[in-house]
Amino acid sequence: MKITRQQVENVAVLARLELTDAETEMFTGQMDAILAYVDKLNELDTTGIVPTSHAVPMENAFRSDEVRPSIGTESALANAPGRVEGFFRVPKVIE
Amino acid sequence: MEIFDFTIHELHDRLKKKELSSVEATRAMLARIEAIDATVNAFITVTPEEALASAAEADSRIARGEMDLLTGIPIALKDIFLTKGVRTTCASRILENFVPPYDATSWLKLKERGAVLVGKLNQDEFAMGSSCESSAFGPSRNPWNTEFTPGGSSGGSAACIAARQAIATLGTDTGGSIRQPAAHCGCVGLKPTYGRVSRYGVIAYASSLDQVGPVTRDVRDAAIMLGAIAGHDPMDSTSVNRPVPDYTRSLTGEVKGLKVGLPKEYFIDGLDPEVQQAMELAIETYRGMGAEFVEISLPHTDYAVACYYLIATAEASSNLARYDGVRFGHRCQDPQGLLEMYRRSRAEGFGTEVKRRIMLGTYALSSGYYDAYYLKAQKVRTLIMQDFLKAFESVDVILTPVTPTPAFRLGEKCNDPLQMYLSDIFTIPTNLAGTCGISVPAGMSSDGLPIGLQLIGRPFGEEEIIRAAHAFEQATTWHQQKAPL
């Protein structure tokens, strides 16, 4: 086994996903099969190989720090599931 | 020939000669959508009122003589592109009611030229899938045979073109999501080099791999669309600042002396015999036009799918963290506290394939596994890139099948994610290497399903693959075949 049910439950906590028992069961089997498959990468010796995070070689892209128009509060809040005045409303954070 | 059968350039000629107005053309497309989309399900949202208003505006532009190749042309967009004021779902319940406050740059560029948006197209949820079956709005169907999938993730974009419901469309390609559905639906699909087209306003799946491109009826249309959307965008710092050539100048039909590489790793035992045969015929066609073939090796091909599913899922798990029920998107009812809100909103909003990839990506990035999975995959990505750079020292373009088989049946691969992932084996390496690729129609299976030919180019080698693809199109009639709908 590459991954256990317990590990899948822990990953779900990290991923902020509430999974049903059936989903946990299914993902355990499927992730196990996928992880067994990706193990083939270990056939390759990658000693000294520089990792690629990005296909185009690129330095930092700088721009001047200028004030420019933005979408504004109303547009930003237009899709909010909950709002109060100019703010996003969320459940109580601090007890 | 009906209005909805036209290419961009054919419709443009008629608009220019005032034989037809954009309003008439747009009405024809809307009627076509109305007549057949219950069968194809290429659209998530159709925008008739907005479309007719923009068409009327395009007609007055044309009357004033302010005409561009795209003015008045009815197009449709994958529902991954933000469209100001028009609902954008990414085929997910979590964005079911999301109305973007701004436009994606690629769409804005088309809009400014007077293109008319007729609607938003179906896809796999968050572009995660190869069949359109992970859409929260039901799968699209392949117009050539509705028992089959159109491919994915830009399945709606390809089905829409094959069913002639828009003149041209845009899709996105992270591991083959433009080229594979284009091949399965008998259209042209172009994935530009990473950085060639801005990703601003395109809902992110795997940011180091995602790229925007056209799905069209012919290569000329793909060249026109690419020319319109390419270029540097200050809003996307990964877009590359280099001049955009006039891609239509590559439509010379000339391939004499072109050096074409045939990677032995792509012509394997598992290849469908009819796909193999189509490739052999294509090679003969090119030889007849004076192209030269060289056998090459891309030795790390067999590792690409494994490499991709670690990198793409890792990036996805990070990108999709933003769907937390706070600022936009679905929020669960009466959550008790923030953490519960996150977990339940995401559980209710995401479909199974999206959850599976978030889980896999979170695992690959988690403490203790990062080096073994994510970092290892990034190193293998370097090897895959080097394969291509080395190959392009001796060839101009690389010719391969787009997919190992023609389209598969609805439901055929739903219960086996790994089998679904493996169907992208010939398109994924291009995304990892960041180079460009195009899919063109190159045959038909005995079941009446299209077969696609892929041409892979150097980074920023779009002109060469367009030239080679167009020459092939000139010499064959596959692109003229119409789906029986």
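Each protein sequence line maps, in turn, to chains A and B.
For the first sequence, my numbering gives the first residue as 10, with consecutive numbering after it.
For the second sequence, my numbering gives the first residue as 15, with consecutive numbering after it.
Here a beta-carbon is modelled for each residue, glycine too, at the ideal position from N, C-alpha and C.
These numbers come from a predicted model, not from an experiment.
Interface residues of chain A facing residue i [CB-CB closer than 8 Å]
| i | result |
| --- | --- |
| B/VAL113 | ALA87 and ASN88 |
| B/MET373 | VAL17, VAL20, ALA21, ALA24, LEU26, PHE36 and MET40 |
| B/GLN350 | PRO100 |
| B/ARG345 | PRO90 and GLY91 |
| B/SER380 | VAL20 and LEU23 |
Residue nearest to residue i in terms of C-alpha spacing, selected from the options
| i | options | result |
| --- | --- | --- |
| B/ASP348 | A/ARG98, A/ARG77 and A/GLU104 | A/ARG98 |
| B/LEU334 | B/ILE108, B/ILE58, B/ILE76 and B/ALA67 | B/ILE108 |
| B/SER171 | B/ASP93, B/GLY339, B/ARG472 and B/ALA49 | B/ASP93 |
| B/SER106 | B/LYS427, B/GLU24 and B/PHE140 | B/PHE140 |
| B/GLN225 | B/ASP232, B/GLY99 and B/ILE217 | B/ILE217 |
| B/ALA318 | B/TYR116, B/PHE440 and B/ASP19 | B/PHE440 |
| B/ALA9 | B/LEU34, B/PHE18 and B/SER144 | Chain B is shown from 15 up to 499; residue 9 of chain B falls before or after that span and cannot be answered. |
| B/VAL60 | B/LEU34, B/THR40 and B/GLY79 | B/THR40 |
| B/SER212 | B/GLY185, B/ILE192 and B/ILE243 | B/ILE243 |
| B/TYR322 | B/LEU312, B/MET373, B/ALA391 and B/ASP283 | B/ALA391 |
| A/MET35 | B/ASP430, B/MET434, B/LEU84 and B/ARG472 | B/ASP430 |
| B/HIS246 | B/ILE58, B/ARG210, B/TYR383 and B/SER144 | B/ARG210 |
| B/PRO443 | B/LEU463, B/GLY128, B/PRO257 and B/PRO313 | B/PRO313 |
| B/THR97 | B/GLU294, B/TYR388, B/TYR214 and B/LEU265 | B/TYR214 |
| B/GLY275 | B/ASP27, B/THR53, B/ARG472 and B/GLU48 | B/ARG472 |
| B/GLY340 | B/ARG28, B/SER437, B/ALA328 and B/ARG357 | The residue you asked about is not Gly; residue 340 of chain B is Val in the sequence shown. When each option's Cα is compared against that of B/VAL340, the closest is B/ARG357. |
| B/ARG193 | B/LEU83, B/TRP121, B/ASP438 and B/ALA52 | B/ASP438 |
Interface partners of residue i on chain B, CB under 7 Å
| i | result |
| --- | --- |
| A/PHE97 | VAL340 and ARG341 |
| A/ARG72 | PRO248 |
| A/ILE103 | Correct list: empty, because the minimum Cβ distance to chain B is about 10 Å. |
Chain A contact residues for residue i, given Cβ-Cβ distances below 7 Å
| i | result |
| --- | --- |
| B/ARG360 | ARG25 and LEU26 |
| B/VAL394 | LEU50, LEU53 and THR55 |
| B/ARG370 | PHE36 and GLN39 |
| B/LYS10 | One cannot answer for residue 10 of chain B here, as it falls past the ends of chain B, which runs 15 to 499. |
| B/TYR317 | LYS49, LEU50 and LEU53 |
| B/GLY448 | ALA64 and VAL65 |
| B/ALA503 | Nothing can be reported for residue 503 of chain B, as the shown portion of chain B is limited to 15 through 499. |
Under 8 Å from the C-beta of residue i: neighbouring residues of chain B
| i | result |
| --- | --- |
| A/ALA31 | Per Cβ cutoff of 8 Å: no residues; A/ALA31 is ~10 Å from chain B at best. |
Contacts of residue i in chain A (Cβ-Cβ under 9 Å)
| i | result |
| --- | --- |
| B/TYR214 | The contacting residues do not exist; B/TYR214 stays about 13 Å from chain A at best. |
| B/MET399 | THR61 and ALA64 |
| B/LEU403 | Simply none; closest approach about 11 Å. |
| B/LEU324 | VAL47 and LEU50 |
| B/MET8 | Limits of chain B in this structure are 15 at one end and 499 at the other, which puts residue 8 of chain B out of reach. |
| B/PRO431 | GLN39, ALA42 and ILE43 |
Near the ligand NAD: residue i beta-carbon under 7 Å from a heavy atom
| i | result |
| --- | --- |
| A/PHE36 | In terms of ligand content, the structure shown is empty, and the ligand NAD therefore cannot be addressed. |
Rounded Cβ spacing between residue i and residue j (contact assumed at less than 8 Å)
| i | j | result |
| --- | --- | --- |
| B/ILE76 | B/LEU25 | Their Cβ separation, rounded to whole angstroms, is 12 Å, which puts B/ILE76 and B/LEU25 out of contact at 8 Å. |
| B/GLN179 | B/MET43 | 6 Å |
| B/GLY203 | B/ALA196 | 3 Å |
| B/LYS273 | B/VAL409 | 5 Å |
| A/ARG14 | A/THR29 | About 13 Å; that fails the 8 Å criterion. |
| B/ILE175 | B/ARG231 | 6 Å |
| B/PHE342 | A/ALA24 | Their Cβ separation, rounded to whole angstroms, is 20 Å, which puts B/PHE342 and A/ALA24 out of contact at 8 Å. |
| B/SER154 | B/GLY169 | 5 Å |
Proximal residues of chain B, C-beta to C-beta of residue i below 9 Å
| i | result |
| --- | --- |
| A/MET67 | GLY209, SER251, THR252 and VAL254 |
Sufficient close CB pairs (3 or more, under 8 Å) joining the segment 45-58 of chain A to the segment 70-82 of chain A: no
Cβ pair count under 8 Å reaching 3, the segment 413-425 of chain B against the segment 452-464 of chain B: yes
Residue ranges of each alpha helix (DSSP H) run of no fewer than 4 residues wholly in the segment 169-202 of chain B, ordered along the chain? 169-176 and 193-199
Could you pull out every unbroken alpha helix (DSSP H) segment of at least 4 residues lying fully inside the segment 58-133 of chain B, listed in chain order? 62-77 and 119-126
Only counting runs of 4 or more residues, tell me where the alpha helix (DSSP H) segments fall wholly within the segment 268-328 of chain B, in order along the chain. 287-302
Return the chain-ordered ranges of every alpha helix (DSSP H) run that is complete within the segment 383-464 of chain B and spans a minimum of 4 residues. 390-405, 431-436 and 442-447
Using a Cβ distance threshold of 8 Å, determine whether the segment 475-489 of chain B contacts the segment 447-456 of chain B, with at least three qualifying pairs required. yes
Given 8 Å, three or more beta-carbon pairs between the segment 110-118 of chain B and the segment 157-164 of chain B: no
Does the structure place the segment 471-483 of chain B close enough to the segment 259-271 of chain B that three or more beta carbon pairs sit under 8 Å? yes
Please go through the segment 50-94 of chain A and give each complete alpha helix (DSSP H) segment of 4 or more residues, from N-terminal end onward. 81-86
contact_flag[the segment 54-69 of chain A, the segment 392-406 of chain B] where n(CB pairs < 8 Å) is 3 or more: yes
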